[in-house]
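The sequence shown stops at residue 83 when you use full-length UniProt numbering, and every number in between is there. Each residue gets a CB set at the ideal place from its N, CA and C atoms; glycine is no exception. Just so you know, these numbers come straight off a predicted model, no measurement behind them.
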Amino acid sequence: MEKYLTSNAICKKYDICKRTLSRWEIMTPWGIPFPAPAFGNTPGAVKRYLTIEVKKWERKCFKKNDEDTETTDVIEPEYLKAI
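Right, dumping it as structure tokens:
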């Protein structure tokens with residue numbers, strides 16, 4: 001397993017664009033912000049995220065509870081409700 005994931009790899013994994021990824025760093029539809037990049041946060045640099053932090057975030061956001069498996073509601077983030 002790679003220690004770091006690039007922003008390109010993350011975008012491909014979740015089928016999102018880089019702008020969405022930067023929004024997710026503030027807040028996601030699941031209410032848990034995406035982990036901050038480990039480095040490469042300067043303009044023009046490729047952001048790299050710790051794989052272990054991304055995995056932890058996935059478990060928090062996508063954990064399956066018995067009571068949640070029945071629900072198919074989409075949670076709309078607060079910042080989209082104003083649009």
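Looking at the DSSP output, Thr6 shares a beta bridge with Arg48.
Boundaries of the alpha helix (DSSP H) harbouring Trp24: 18-24, taken from the DSSP string.
By alpha-carbon distance to Asn41, the top candidate from Ser7, Glu2, Lys3 is Ser7. For the options Ser22, Lys13, Asp15, the alpha carbon positioned closest to that of Pro43 is the one of Ser22.
Comparing alpha-carbon positions, the option among Cys17, Lys55, Thr28, Trp24 lying closest to Tyr4 turns out to be Lys55.
Apart from sequence neighbours up to five positions away, the residues of its chain that approach Phe39 with a beta-carbon distance below 7 Å are Arg48, ordered along the chain.
Sequence-distant partners of Thr51 (beyond 5 residues in either direction) whose C-beta falls short of 8 Å from its own C-beta, in its chain, are Met1, Glu2, Lys3, Tyr4, Leu5. In terms of Cα proximity to Lys63, the closest of Val46, Trp30, Pro37 is Trp30.
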